[in-house]
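Chemist: Below is a structure I'd like to ask you about.
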């Protein structure tokens, strides 16, 4: 398992938070994802045998929330 916490500067509301969490949780291998509006941070935990950081980054970029690693 891998865990990463990173900044997503354009999180600005609860809708952003829900959209990010839903998108990350839809990726096969992701066991948890949480976003915090106040700190603009996202934490994700995943099985690196099923997905990669590059896949997760691409998922976030696709929905308009590019991460700062």
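Numbering (UniProt numbering), first residue to last: 1 to 69. Each residue gets a CB set at the ideal place from its N, CA and C atoms; glycine is no exception. Given the structure is predicted, the values throughout are model-derived calculations rather than measurements.
1. Quick one: what's got a C-beta closer than 7 Å to residue 19's C-beta in the same chain, skipping five residues either side?
2. Grab the span of the beta strand (DSSP E) containing residue 3 for me, first residue to last.
3. Pick helix, strand or coil for residue 40, following the three-state DSSP scheme.
4. Write down the C-beta distance between residue 66 and residue 6 rounded to the nearest angstrom, noting that I regard them as a contact closer than 8 Å.
Modeler: In terms of the structure at hand:
1. Spatial neighbours of residue 19 in its own chain (CB-CB distance under 7 Å, excluding positions within 5 residues in sequence) are listed in chain order as 63.
2. Counting along the chain, the beta strand (DSSP E) containing residue 3 begins and ends at 2-7.
3. Coil at residue 40, not helix or strand.
4. Actually they are not in contact, since the Cβ atoms of residue 66 and residue 6 sit about 10 Å apart, beyond 8 Å.
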